[in-house]
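K.L.:
In the working numbering, the protein residues as written are 2 to 286. All C-beta atoms in this analysis are idealised placements derived from N, C-alpha and C, irrespective of residue type, glycine included. First the structure, which I've put down as structure tokens, then a few questions once you've had a look.
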Amino acid sequence: MSSAARVLCLPLLIVSLLAVAPTATAADAWLVAPSGGGRPSFYTEGGPGTVQQDTVSVTNRGPEPVTVRLTGTGVPIAFAESRVRIPARTRAEVPFTVSVPTGTAPGDRAGGIVARDTDGRAQTVPLRLRVTGPELSALTVEHVAVNADGITYELVNRGTTAIAPSLAVRADGVFGRLLDRAPRPLPVDLPPGSRTRLTEPWPDRPALDAVDLRLTVTAAGGAADTAQASVRFVPWGAVAGAAGALAAAGALFAVRRRRRRGPNGGEASEAERPLQQPELTGVGT
């Protein structure tokens with residue numbers, strides 16, 4: 002082949018190579034990933050009150066500039082710049098921090114970093130936060146009361162781990178034991194710092210008695226608490242009926258006593274008293 006022919010074919014070869022070379026589509030023109038490469042997701046750990054740092058990388062592989070907005074989910078995330086414009090074929094490195102609030106219980110938290118462009122396309126990189134610190138299991142039983150529905154009370158998780166409590170109930174009256182329920186699991190799972198109100202059924206409570214009530218709640222990890230309450234059961238309907246009868250009897254007595262007195266308040270005279278007629282028996286004298 003002549004030199005002229007080889008020169009003529011060179012532009013055609015370049016055009017052919019450009020035709021078959023891969024081009025970035027609108028869907029994959031940019032991507033977001035942990036900075037430094039080699040990490041599929043973010044991982045950080047720290048105790049309550051600490052702030053962790055990392056960097057997210059946004060790469061624009063397309064021929065046009067791209068603007069993305071960065072947001073965090075699941076955990077408190079703050080970006081050095083939440084709206085980023087990346088020129089064509091350029092990578093932007095954006096620092097961010099993850100804050101662990103004071104009082105956060107130890108354990109794992111799931112979150113993520115979301116990048117969304119102006120056309121609504123979004124990509125998410127998972128982030129896992131491990132909160133370090135001692136695990137404490139603690140609870141309290143509060144506001145014990147008896148009403149028409151049964152025994153009401155509140156449970157409060159005072160520890161740093163979730164608890165699945167069990168309840169035992171004991172009630173003693175004047176004439177002996179009324180309740181003696183062995184510990185049984187409650188249908189609740191209390192996260193740290195949470196409070197819930199529960200009701201323990203008591204359909205056969207006494208109508209007349211003085212009762213000392215004792216609730217004991219336990220959970221794994223040594224958590225336990227006991228609350229006591231004194232309850233007086235009085236049949237107020239019967240009491241009201243008896244009081245009404247006594248009042249009526251007293252009023253009748255007062256009326257009869259007034260009738261026995263004279264007009265001036267003293268005892269009635271012989272002339273004022275009604276004439277007593279002898280009873281006729283039919284027997285001659």
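Looking at the structure shown, is Ser167 part of a helix, part of a strand, or coil, going by DSSP?
P.N.:
The sequence position of residue 167 within the sequence shown is 166, counting from 1. Ser167 falls in the strand class under three-state DSSP.
K.L.:
Measure the C-alpha to C-alpha separation of Gln54 and Pro64 and round it to an integer number of angstroms.
P.N.:
Against the sequence shown, residue 54 aligns to sequence position 53. Against the sequence shown, residue 64 aligns to sequence position 63. When rounded, the distance between both Cα atoms is 31 Å.
K.L.:
Taking only the alpha-carbon atoms, compute the straight-line gap between Gly73 and Arg122 and give it to the nearest angstrom.
P.N.:
Counted from its first residue, the sequence shown places residue 73 at position 72. Counted from its first residue, the sequence shown places residue 122 at position 121. Gly73 and Arg122: Cα-Cα distance of roughly 16 Å.
K.L.:
Are the Cβ atoms of Pro193 and Thr162 separated by less than 8 Å?
P.N.:
For the purposes of this step, residue 193 is taken as the residue at position 192 of the sequence shown. For the purposes of this step, residue 162 is taken as the residue at position 161 of the sequence shown. Contact: yes.
K.L.:
When you compare the stretch 55 to 62 with the stretch 143 to 154, are there three or more beta-carbon pairs, one atom per stretch, that lie closer than 8 Å?
P.N.:
With a cut-off of 8 Å, the stretch 143 to 154 and the stretch 55 to 62 do not count as touching, because too few Cβ pairs lie within range.
K.L.:
Look up Trp31 in the DSSP assignment and give the residues it is bridged to.
P.N.:
The residue you call residue 31 lines up with position 30 of the sequence shown. Beta bridge pairing from DSSP links Trp31 with Asn61.
K.L.:
How should Thr105 be labelled, buried or exposed, when 16 other C-beta atoms within 10 angstroms of its C-beta is the threshold for buried?
P.N.:
In the sequence shown, residue 105 corresponds to position 104, counting from 1. With a threshold of 16 other beta carbon atoms within 10 Å, Thr105 meets it and is buried.
K.L.:
Looking at C-alpha atoms only, which residue of Asn158, Gly134, Asp205 is the closest neighbour of Ile1?
P.N.:
Since the first residue shown for the chain is 2 and the last is 286, residue 1 is missing from the structure and cannot be characterised.
K.L.:
Which same chain residues end up closer than 7 Å to Pro49 when comparing Cβ atoms and leaving out the 5 residues on each side of it in sequence?
P.N.:
Numbered from its first residue, the sequence shown carries residue 49 at position 48. If we look at Pro49 and ignore the five residues flanking it on each side, its Cβ neighbours are Val101, Pro102, Thr103, Gly104, Thr105, Val132, Gly134.
K.L.:
Cβ atoms of Ala172 and Leu140: under 8 Å apart, would you say?
P.N.:
Within the sequence shown, the letter at position 139 stands for residue 140. Within the sequence shown, the letter at position 171 stands for residue 172. Cβ atoms of Leu140 and Ala172: not closer than 8 Å.
K.L.:
Could you say which of Val99, Thr98, Val67 lies nearest to Pro88 if we only look at CA atoms?
P.N.:
Translated into the one-based positions of the sequence shown, residue 88 becomes position 87. Among Val99, Thr98, Val67, the Cα nearest to that of Pro88 belongs to Val67.
K.L.:
What does DSSP give as the partner residue(s) for Asp173 in the beta ladder?
P.N.:
Residue mapping note: residue 173 aligns to position 172 of the sequence shown, counting from 1. Arg178, Asp213, per the DSSP bridge assignment.
K.L.:
Just tell me which of Thr200, Gly177, Ser83, Arg182 has its CA closest to the CA of Pro188.
P.N.:
Position 187 of the sequence shown, counted from the first residue, corresponds to residue 188. Selection Thr200, Gly177, Ser83, Arg182 evaluated against Pro188 yields Thr200 as nearest (Cα-Cα).
K.L.:
Would you check whether the ligand ADP has a heavy atom nearer than 7 Å to the C-beta of Val126?
P.N.:
In the structure on display, the ligand ADP does not appear, and there are no ligands present to speak of.
K.L.:
Could you spell out the range, first to last residue, of the beta strand (DSSP E) harbouring Ala73?
P.N.:
Looking up residue 73 in the sequence shown gives position 72. The sequence shown places Gly at residue 73, not Ala. Per DSSP, Gly73 belongs to the beta strand (DSSP E) from 67 to 74.
K.L.:
Give the C-beta separation of Val85 and Leu71 to the nearest angstrom, bearing in mind that I take them to be a contact with Cβ-Cβ under 8 Å.
P.N.:
As a first step, residue 85 must be located in the sequence shown, where it is residue number 84. As a first step, residue 71 must be located in the sequence shown, where it is residue number 70. Contact holds; Cβ gap of about 7 Å.
K.L.:
Classify Ala116: buried if its beta carbon has 16 or more other beta carbons within 10 angstroms, exposed otherwise.
P.N.:
Position 115 of the sequence shown, counted from the start, is the residue given in the question as residue 116. It is buried - the Cβ of Ala116 has at least 16 other Cβ atoms within 10 Å.
K.L.:
So, under 8 Å CB-CB, Arg129 and Ser42 are touching, yes? Tell me the CB distance rounded to an integer number of Å.
P.N.:
Position 128 of the sequence shown, counted from the start, is the residue given in the question as residue 129. Position 41 of the sequence shown, counted from the start, is the residue given in the question as residue 42. With a Cβ gap of about 7 Å, Arg129 and Ser42 count as contacting.
K.L.:
Quick one: using the 10 Å Cβ neighbour count with 16 as the cut-off for buried, is Gly177 buried or exposed?
P.N.:
Residue mapping note: residue 177 aligns to position 176 of the sequence shown, counting from 1. The residue is exposed, with fewer than 16 neighbouring Cβ atoms inside 10 Å.
K.L.:
Relative to the C-alpha of Ala208, which candidate in Leu179, Ala169, Ser58 has its C-alpha closest?
P.N.:
Mapped onto the sequence shown, residue 208 falls at position 207. Closest option to Ala208, Cα to Cα, is Leu179.
K.L.:
Alpha carbons only, please: which of Ala220, Thr119, Ala225, Leu137 is nearest the one belonging to Gly108?
P.N.:
One-based indexing of the sequence shown puts residue 108 at position 107. With distances taken between Cα atoms, Gly108 lies closest to Leu137.
K.L.:
Nearest to Arg159 by alpha carbon, out of Glu94, Gly223, Gly37, Thr91?
P.N.:
Stepping through the sequence shown from its first residue, residue 159 is reached at position 158. Taking only the C-alpha atoms, the option nearest Arg159 is Gly223.
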